[in-house]
Every structure is written in structure tokens, then in C-alpha cells.
Amino acid sequence: MNTSRDRHPKEAKFWRSEEKRVRCQLCPHSCSITHLNRGICGVRENRENKLYSMNYGKISSVNSDPVEKKPLFHFYPGSDVFSIGSIGCTFRCLHCQNFTISMATLDELSARDVTPEEVCNMAIDNRCQGIAFTYNEPTIWHEFAYDTCKLAKERGLYTVYVSNGFIQEDPLREISTYLDAMNIDIKSFTQSFYEDICKASIQPVLDATILAHSLGIHIELTYLIIPGKNDSEEELRNFTSWCAELDVRIPIHFSRFHPDYRMEDTPPTPISTMEMAKRIGKEEGLKFIYLGNVRVPQGGDTYCPNCKTLLIKRDGFSTTVMEPRNGHCPQCGEDLYMVLSSND
Ligand code: SF4
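Count along the sequence shown from 1, then add 8; that gives the number in my numbering.
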């Protein structure tokens, strides 16, 4: 098998030369990289003082998924999305569920080479309405994601990132032209969690979330509640109050933790904590709060926040779109912050 050193990588965008180094400006780590070394994500390499994207067109994972699995509940509900992932990540989360690809290097894992055109063709052949960049962190795949999103829009497909939101302003502005939706993981609402558990920082994530929303990208947020780590009433209130200030319509997905990777000794989130988070979010004025990775009655259904009409019924990943028209409640006209396919 070829190693990534043998491949012909693509010159990266968003970097500058420094003496005998290059400075990557794709994510807020801003790695300073010497010749033949790579940044923290493991996929951007300095070769003779030029920065290269080593994972351009390298896919490790492919699937047709319900868009609800991303999770996106207010974006083309009930549609299937062609989901692809590569290798590497900007974070080092101790509880990562996809550590086999996110923590791997390009030399350890075999990845298949594809072109943007092949990805679009596969999406259409699989009767998907869009393409999702997911499984590992998509922002580090910027050059390939950009080319694929651009082509996907020309081919009538929607485009989605499932991301940790750790991206600098210029690349986010660039991809926003062709990126329709993002589910952004807010890992906690404290810097100490981001530092200790993820080896990153919170503020750039919040800044990118605000920017993505202002650029017109459809946003939904996921908050995985981990017992003893990010589950205090105060932290959940700080998080939901920040969300409400941004836009009370943005759907929030509180997700239940299950032991994984290097946090196998931490217990699953109690249902009572999930319900507390929902109650706090409602008290802060959020209109759409969902509970994920758990079966609770109506936990995934969409109701009109004004007149309480049931609009979308979800059972596992089976979705029945019942009522919304043009993104508004058919009974009372409430804005549902919802992007529907033209068939709905
Ligand atoms: S994208 Fe990778 S190389 Fe660039 S700054 Fe972030 S971690 Fe470093």
C-alpha cells in the first residue's frame, strides 16, 4: 500500500510563510509547521515551505443516512444524505465515538481516492438529496469539501457539515457560499472542559457559530451531556442562555452520553439530567429542544412552539413530516426555522 508520502497532495489554502516554517490558518490552532511535518490535525504538511492538504479526496467512510442522524431536524426532514468522512481531527476528545478515524493518521488507515464528481454521482445514484461531511472533522478537509460542495450545488444537492466548529473566519466565509447547513457540537460551556477533554478552546467555536449563523448557514447545535463533566444546572443555563441570545429558533440537540474511548468509566447520562436540560432550555426561551441517544416520549417530535400542533413525528430514524409548509406552522403561521424539500 502507498503511504501518504507517496501521494500527490493538493496545495492547501489558508497559510502563510514564516522563516523555515509555514503557518496554517485554517483552524484556530494556527500550527507553525516545519519541513515534512504536519499540524495537529495530521493532514496538512509542510513540503519545502509550502503547505499541502494530504487528505484531498481521501475517504475512509461512506454511508447513506437519514439527515436526522446528523442530527439535523429542521433541514430537509425525512431526506437521505450521502455521508462521507476522511481521517484526522483538530480535537483530541477523550470520549470520541469515531476515534478509529479521527485519531488515526493517513499512514495507518487506508483511504479510498475519490473526486468531487464521483462523490456527487454516488450521492445521486444512492437517491440522496444531499452530501454530508461527517464522521471525522470536515473543516480539516477544506479544499476537497469546498470543491465538492461547489459541484454539489451545481448538481442540485444540498450540503452539510457535522463539525466541532473550530475554524477560522476566512475559510468559514469561503465555504459558506456553498454550504447549506451545519450541525455544530458545543462540547461544553467551559474553557476548562475544552482544554482538559478536547485539547482545544471554546471561544473560537462560539465565534464560528455566530458567524455561520450570520452568513445564512442553517445551524443546529448538539450538546452531549457527560455526567460530572458538563452537566451542572449552571453550565446548562449558561449554554442555553447563550443560544437564546443568538437565536431562540435554533434547534438544540441534547445528546445522552454513552461510555466510549478513554471515558469508559463514566456512566451514561441519567434521563433526569436530560429532562433537566430540556426544562432549562425552555425556561431560557428556546423553541426547539430535542433529546438524542435516548427514547423518551415525544423527545424527537417537532411541535409548533406557539400553537403546539404536531408537525413532524419521529420514531428512531423514521420520520413523518405531517404539517409544516414553507417553513411555517400551517395552523398559526409561526416561523419554524425550517428548510424543507420542494416536495413538502
Ligand atoms: S487545520 Fe490542522 S494544520 Fe491547520 S492549524 Fe488546524 S490543526 Fe493545525
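For each residue, glycine too, the CB sits at the ideal point set by N, CA and C.
Expressed to the nearest angstrom, what Euclidean distance is found between the alpha-carbon atoms of F22 and Y60? Distance between F22 and Y60, taken at the CA atoms: about 10 Å.
Contact set for N106: own chain, Cβ-Cβ below 7 Å, skip 5 residues either direction: If we look at N106 and ignore the five residues flanking it on each side, its Cβ neighbours are Y143 and N144.
Within its chain, find whatever has a CB closer than 6 Å to the CB of K28; leave out the 5 residues flanking it on each side and keep chain order. Contacts found: none.
What is the chain-ordered set of residues for which the beta carbon lies under 6 Å from any non-hydrogen atom of ligand 1? The filter returns C32, L34, C35, H37, S38, C39, G47, I48, C49, R52, T98 and I148, in chain order.
Could you spell out where the beta strand (DSSP E) holding W23 opens and where it closes? Residues W23 to E26.
By Cβ distance below 8 Å, which residues in the same chain neighbour E243 in space, the five residues on each side in sequence not counted? Taken in chain order, the residues that qualify are S196, F197 and T198.
Backbone secondary structure at N238 - three-state DSSP: Three-state result, N238: coil.
In its own chain, which residues sit with a C-beta less than 7 Å from the C-beta of S12, not counting the 5 before and 5 after it? Note that S12 scores 44 on pLDDT, short of 50, meaning its location in the model is unreliable; the coordinates nonetheless yield the value given after this. Contacts found: M62, L114 and D115.
Do P212 and P355 have their beta-carbon atoms positioned less than 7 Å apart in this structure? One cannot answer for residue 355 here, as it falls past the ends of the chain, which runs 9 to 352.
So, with DSSP's three-state summary, where would you put A112? In this structure, A112 counts as coil in the three-state DSSP scheme.
Just list the residues that DSSP pairs D343 with in beta bridges. For D343, the pairing in a beta bridge is given by DSSP as H336.
Report the residue from C101, Y231 and S110 whose alpha carbon sits nearest the alpha carbon of W149. If we check each option's Cα against that of W149, S110 comes out closest.
Using only the alpha-carbon positions, how far apart do K161 and F141 sit? Approximately 14 Å, taken between the alpha carbons.
State the start and end residues of the unbroken alpha helix (DSSP H) segment that holds R163. From DSSP, R163 is part of no alpha helix (DSSP H); its letter is neither H nor E.
Quick check on P74: does DSSP put it in helix, strand or coil? Here P74 carries a strand assignment [DSSP, helix/strand/coil].
Under the DSSP definition of a beta bridge, which residues are partnered with C315? C315 is not bridged by DSSP to any residue.
Enclosing alpha helix (DSSP H) for N129 [first to last residue]: N129 -> alpha helix (DSSP H) spans P124 to D133.
For V168, name the three-state secondary structure that DSSP assigns. Reduced to three states, the DSSP call for V168 is strand.
Coil, strand or helix - T11 by DSSP: Per-residue confidence for T11 stands at a pLDDT of 43, beneath the threshold of 50, marking its modelled position as unreliable; no derived number is given.
State the CB to CB distance for the pair T248 and I288, rounded to an integer number of angstroms; the pair is presumed to be in contact (CB under 8 Å). The pair is a contact, with the Cβ atoms about 6 Å apart (cut-off 8 Å).
Distance check for P74 and R257, CA to CA, integer angstroms please. Going from the Cα of R257 to the Cα of P74 covers about 22 Å.
If we ignore side chains and look at the alpha-carbon of each, how far apart do C128 and T98 end up? Answer to the nearest angstrom: the Cα atoms are 26 Å apart.
Let me check one thing: in DSSP terms, what residues is D193 bridge-paired to? Note: D193 sits in a beta bridge opposite T230.
Euclidean distance between Cα positions of Y202 and I192: Cα to Cα, the separation comes out at about 14 Å.
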